[in-house]
Amino acid sequence: MNRRIRFRLLVLSTLLPIVVSTACSAQEYRVQSPQGTLEVLFAMRDGAPTYSLFRHGKELVRESRLGIALAEGPSFDKDLEIVSTHRKSHHEVWTQPWGEKREILCSCCELRINLKQRVPQAREMAVVFRVFDDGIGFRYEWPEQSNLSSLMVSDELTEFNLAEDCSTWWIADAGQLRFMPIMMTTLTTIGGLLSLMFAGGPLFEGLATVTCNVAR
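Using our numbering, you'd call the opening residue of the sequence shown number -16 and step up by one each time.
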């Protein structure tokens, strides 16, 4: 059963050639993790940005909405066009002050999509994906521009349209001074700190620490 999750706060790759398709008024860009374990598909459909996630070819996150609503001016979820794309890979080792491992290998492929509004006084925004073999991350960035000196986010429009009703571990939101046991339920009853288990194993660890809305 499909589950679509929308978070209220901003959530915070050898690179394969990006594939662009113009069929059905869509532009599609793909990027894989270094070993090809995970693949992100970014699509622009009639001016609306979306993404999907695959693991070994199996769809984990179905096509999901991307975007941010601003308190003033048009939102960044529709009437957009792609200005340019950039790709690069990262491979480095960084040292952490504590933890089970002192040295952490950071190896991923990055895809940056630069977007622009199709309205007068158009503003720009970038969506940046980093795809690792054991997970992905993405963020929104606003470059310096003359018609956007500051901004106030009024709503987070990003969705996680999960392909299955995963087993879910979560901690109830009981306030900072109370400790609650970790619960295991299906995805439809979550709220609080979240981990998901797909049929092939855990994918997201502590995906977000915010309450989310689940729509069937």
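Yeah, the Cβ is synthetic: ideal placement off N, Cα and C, and Gly gets one too.
Buried/exposed call for residue i, threshold 16 Cβ in 10 Å
| i | result |
| --- | --- |
| residue 113 | buried |
| residue 78 | exposed |
| residue 50 | buried |
| residue 32 | buried |
| residue 212 | In the structure displayed, the chain extends from -16 to 199; residue 212 sits before or after that span and is not available. |
| residue 200 | It is not possible to answer for residue 200, since the shown part of the chain is limited to -16 through 199. |
| residue 128 | exposed |
Backbone CA spacing between residue i and residue j [nearest angstrom]
| i | j | result |
| --- | --- | --- |
| residue 52 | residue 138 | 5 Å |
| residue 17 | residue 105 | 35 Å |
| residue 10 | residue 27 | 5 Å |
| residue 15 | residue 81 | 30 Å |
| residue 34 | residue 42 | 11 Å |
| residue 240 | residue 110 | The question about residue 240 has no answer, for the chain in this structure spans -16 to 199. |
| residue 36 | residue 22 | 6 Å |
| residue 133 | residue 118 | 32 Å |
| residue 73 | residue 19 | 15 Å |
| residue 84 | residue 95 | 30 Å |
| residue 39 | residue 148 | 19 Å |
| residue 25 | residue 116 | 18 Å |
| residue 55 | residue 66 | 23 Å |
| residue 130 | residue 92 | 31 Å |
| residue 30 | residue 136 | 20 Å |
| residue 63 | residue 123 | 14 Å |
Cross-strand partners of residue i (DSSP beta bridge)
| i | result |
| --- | --- |
| residue 50 | Answer is none; residue 50 lacks a bridge partner. |
| residue 26 | 11, 33 |
| residue 140 | Answer is none; residue 140 lacks a bridge partner. |
| residue 111 | 95, 122 |
| residue 77 | 87 |
6 Å CB neighbourhood of residue i in its chain, flanking five on each side removed
| i | result |
| --- | --- |
| residue 125 | 108 |
| residue 60 | 50, 140 |
| residue 86 | 76, 78 |
Local conformation of residue i per DSSP, three classes
| i | result |
| --- | --- |
| residue 100 | strand |
| residue 39 | coil |
| residue 205 | Past the edges of the chain, shown from -16 to 199, lies residue 205, and the structure says nothing about it. |
| residue 70 | strand |
| residue 21 | strand |
| residue 132 | coil |
| residue 55 | coil |
| residue 150 | strand |
| residue 106 | coil |
| residue 203 | Residue 203 falls outside the range modelled here, since the chain spans only -16 to 199, and no answer is possible. |
Contact set for residue i: own chain, Cβ-Cβ below 7 Å, skip 5 residues either direction
| i | result |
| --- | --- |
| residue 57 | 100, 102 |
Interface flag, residue i vs chain B, CB-CB below 7 Å
| i | result |
| --- | --- |
| residue 132 | No chain B is present in this structure, which holds just one protein chain. |
Beta-carbon proximity list for residue i, same chain, < 8 Å, skipping 5 on both sides
| i | result |
| --- | --- |
| residue 68 | 1, 12, 94, 95, 96, 97 |
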